[in-house]
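Residue numbers (the UniProt record's numbering): 1 to 264. Every residue, glycine too, gets a C-beta built ideally from N, C-alpha and C.
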Amino acid sequence: MRIMTWNINSLRLRLPLVHKLVTNYSPDILCFQETKVPDPLFPHQALQDMGYPFIAFKGMKSYNGVAIASRFPLQPNDSPPDWCMKTDSRHLDVEILHPTTSFRLHNFYVPAGGDIPDPESNPKFAHKLAFVKETTEWFTQTPSKATILVGDLNIAPLPEDVWSHKQLLPIVSHTPVETELLTQWQKTIFVDAMRLITPPPEKLFTWWSYRNRDWRKSNRGRRLDHIWITPDLTTKLKTIEVLKDVRDWEKTSDHVPLFMDITL
DNA sequence: ATGGTCGCATAGCGA
């Protein structure tokens with residue numbers, strides 16, 4: 001079972017890149033963030049034609065948006081939480097119905113939080129902190145077995161998850177209040193699957209800003225995208241790959257896709 | 001210290 005996650009920064013614009021990913025890597029399940037497409041305009045047929053008949057999506061005009069495209073049937077949570085009461089298309093919660101081993105899959109797009117790391121003066125940062133507190137509370141009350149969480153969590157928790165721990169400490173995505181909250185969320189029922197495969201001190205990035213002349217040369221990356229699994233799945237975890245080369249594809253996202261292989 | 005680049009509601013916002 002290969003599960004891929006990608007902050008695609010417009011699904012419709014990058015459908016050709018999805019096709020290339022499918023051809024090259026053949027994921028069983030694709031999880032997208034920042035689809036930026038309202039539900040009536042969702043490219044359902046294109047994903048079906050690529051071999052994904054089972055699709056869950058939640059979008060809005062211009063911003064946010066999440067989707068899951070699967071080769072296996074899926075069953076969405078029929079009463080998903082409305083995080084921060086904003087109804088802003090940041091989360092999908094589905095059961096993947098696999099012939100031998102079903103599991104629960106969460107796809108998250110956490111608020112980026114704006115530029116100023118102060119909840120008093122920056123409502124976007126306040127929203128980000130409130131969002132992560134709510135998800136933490138919610139996961140303390142959910143079953144702790146056979147669950148996978150992926151997505152753009154917009155926080156790089158470890159010193160080795162950013163190009164310069166010291167320089168990014170006051171930067172939104174790596175401030176102590178954020179990294180502490182993300183750790184608390186993770187500890188509810190999950191372990192960090194990426195760091196089981198690639199432990200520190202090896203650096204691991206999934207995002208490089210559009211604003212660098214040469215992203216590879218400057219390498220000012222951050223690990224904003226994550227794959228978490230419940231402990232019962234760790235023995236089934238085979239590999240995780242961060243598809244760094246996709247950052248060089250034509251008209252690509254500033255995030256790269258990553259996938260996990262698990263034996264079910 | 002500043003500005004740098006994307007995508008979508010094609011203007012200014014959010015990232």
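Exercise for review: Could you have a look at Pro16 and say whether DSSP puts it in helix, strand or coil?
Suggested key: Here residue 16 refers to the residue found at position 16 of the first sequence. Correct three-state label for Pro16: helix.
Review point. Can we say the stretch 127 to 134 touches the stretch 203 to 223, given the rule of at least three CB pairs closer than 8 Å?
Key: The stretch 127 to 134 vs the stretch 203 to 223: no contact.
Check your understanding: For His165 versus Thr206, is the C-beta distance shorter than 9 Å?
Key -> Stepping through the first sequence from its first residue, residue 165 is reached at position 165. Stepping through the first sequence from its first residue, residue 206 is reached at position 206. Cβ distance not < 9 Å, so His165 and Thr206 don't count as in contact.
Review point. Does the stretch 26 to 36 come within contact of the stretch 58 to 74, defined as at least 3 CB pairs closer than 8 Å?
Key: Cβ pair count under 8 Å is three or more, so yes.
Exercise for review: Determine the extent of the alpha helix (DSSP H) in which Ile197 is found, giving its start and end residues.
Suggested key: Numbered from its first residue, the first sequence carries residue 197 at position 197. For Ile197, the uninterrupted alpha helix (DSSP H) run begins and ends at Ala193 to Ile197, by DSSP.
Review point. For the beta strand (DSSP E) that contains Gln75, what are its first and last residues?
Key: Counting from 1 along the first sequence, the entry for residue 75 is found at position 75. Membership of Gln75 in the beta strand (DSSP E) is indicated by the continuous run Leu74 to Pro76.
Point to revise | Residue of Thr198, Leu196, Arg247 and Glu178 minimising C-alpha distance to Trp208 | key: Here residue 208 refers to the residue found at position 208 of the first sequence. Just measuring C-alpha positions, the residue of Thr198, Leu196, Arg247 and Glu178 sitting nearest Trp208 is Arg247.
Review point. Does the distance from the C-beta atom of Met260 to that of Leu237 stay below 9 Å?
Key: Walking along the first sequence from the start, residue 260 turns up at place 260. Walking along the first sequence from the start, residue 237 turns up at place 237. For the pair Met260 and Leu237, the CB atoms are nearer than the 9 Å cut-off.
Check your understanding: So what does DSSP say about Thr179, is it helix, strand or coil?
Key -> Position 179 of the first sequence, counting from 1, holds the residue named residue 179. If DSSP states are grouped into helix, strand and coil, Thr179 belongs with the helices.
Practice item. Report buried or exposed for Lys251, applying the criterion of at least 16 other Cβ atoms within 10 angstroms of its Cβ. Key: To locate residue 251, count along the first sequence from 1; it is residue 251. Here Lys251 is exposed. Its C-beta has fewer than 16 other C-beta atoms within 10 Å.
Point to revise | Local Cβ density within 10 Å of Asn24, reported as buried at 16 or more and exposed below that | key: For the purposes of this step, residue 24 is taken as the residue at position 24 of the first sequence. With fewer than 16 other CB atoms across the displayed protein chains lying within 10 angstroms of its CB, Asn24 is exposed.
Check your understanding: Would Thr188 pass as a contact of Thr263 if the rule is Cβ separation under 9 Å?
Key -> In the first sequence, the residue the question calls residue 188 occupies position 188. In the first sequence, the residue the question calls residue 263 occupies position 263. Going by C-beta atoms, Thr188 is not nearer than 9 Å to Thr263.
Practice item. Using three-state DSSP, classify Val132 as helix, strand or coil. Key: Counting from 1 along the first sequence, the entry for residue 132 is found at position 132. Reduced to three states, the DSSP call for Val132 is helix.
Point to revise | Residue environment, Tyr210, which counts as buried when at least 16 other CB atoms sit within 10 Å | key: As a working note, residue 210 is residue 210 in the first sequence. Per the 10 Å Cβ criterion, exposed.
Check your understanding: If we count the other Cβ atoms within 10 Å of its Cβ and call it buried at 16 or more, is Arg12 buried or exposed?
Key -> By 1-based counting over the first sequence, the position of residue 12 is 12. Exposed, because fewer than 16 other Cβ atoms sit within 10 Å of the Cβ of Arg12.
Check your understanding: What are the boundary residues of the alpha helix (DSSP H) that includes Ser218?
Key -> Sequence index remark: in the first sequence, residue 218 carries index 218 (1-based). Under the DSSP assignment, Ser218 falls in the alpha helix (DSSP H) whose first and last residues are Trp215 to Ser218.
Practice item. Confirm, please, whether the CB-CB distance from Leu74 to Phe57 is below 9 Å. Key: Counted from its first residue, the first sequence places residue 57 at position 57. Counted from its first residue, the first sequence places residue 74 at position 74. The criterion of a C-beta distance shorter than 9 Å is not satisfied by Phe57 and Leu74.
Check your understanding: Do you know offhand how far Ser253's Cα is from Ile29's?
Key -> Locating residue 253 in the first sequence gives position 253, counting from the first residue. Locating residue 29 in the first sequence gives position 29, counting from the first residue. Computed Cα separation, rounded: 19 Å.
Check your understanding: Is Asp115 helix, strand or coil when you go by DSSP?
Key -> Position 115 of the first sequence, counting from 1, holds the residue named residue 115. Coil at Asp115, not helix or strand.
Point to revise | Inter-residue CB distance, Cys31 and Gly114 (contact presumed, cutoff 8 Å) | key: Taking the first residue of the first sequence as 1, we reach residue 31 at position 31. Taking the first residue of the first sequence as 1, we reach residue 114 at position 114. That pair is no contact at about 25 Å.
**Study point:** Expected contact under 8 Å - CB spacing of His91 and Phe108 to nearest Å
**Key:** Taking the first residue of the first sequence as 1, we reach residue 91 at position 91. Taking the first residue of the first sequence as 1, we reach residue 108 at position 108. Distance from His91 to Phe108 at the Cβ level is roughly 5 Å; contact confirmed, criterion being Cβ atoms closer than 8 Å.
**Study point:** Outcome for Leu149 when other beta-carbon atoms lying within 10 angstroms are tallied against a minimum of 16
**Key:** For the purposes of this step, residue 149 is taken as the residue at position 149 of the first sequence. The residue in question, Leu149, is buried, as its Cβ has 16 or more Cβ neighbours within 10 Å.
Check your understanding: With 16 other CB atoms within 10 Å as the buried threshold, where does Ile96 fall?
Key -> Counted from its first residue, the first sequence places residue 96 at position 96. So Ile96 ends up on the buried side.
Exercise for review: Could you spell out the range, first to last residue, of the beta strand (DSSP E) harbouring Leu47?
Suggested key: As a position in the first sequence, residue 47 is number 47, starting the count at 1. First-last for Leu47: His44 to Asp49, but that is the alpha helix (DSSP H), not the beta strand (DSSP E).
Point to revise | Rounded straight-line distance, which links the Cα of Pro117 to that of Ile171 | key: Along the first sequence, one-based indexing puts residue 171 at 171. Along the first sequence, one-based indexing puts residue 117 at 117. Straight through space, the alpha carbons of Pro117 and Ile171 are spaced by roughly 7 Å.
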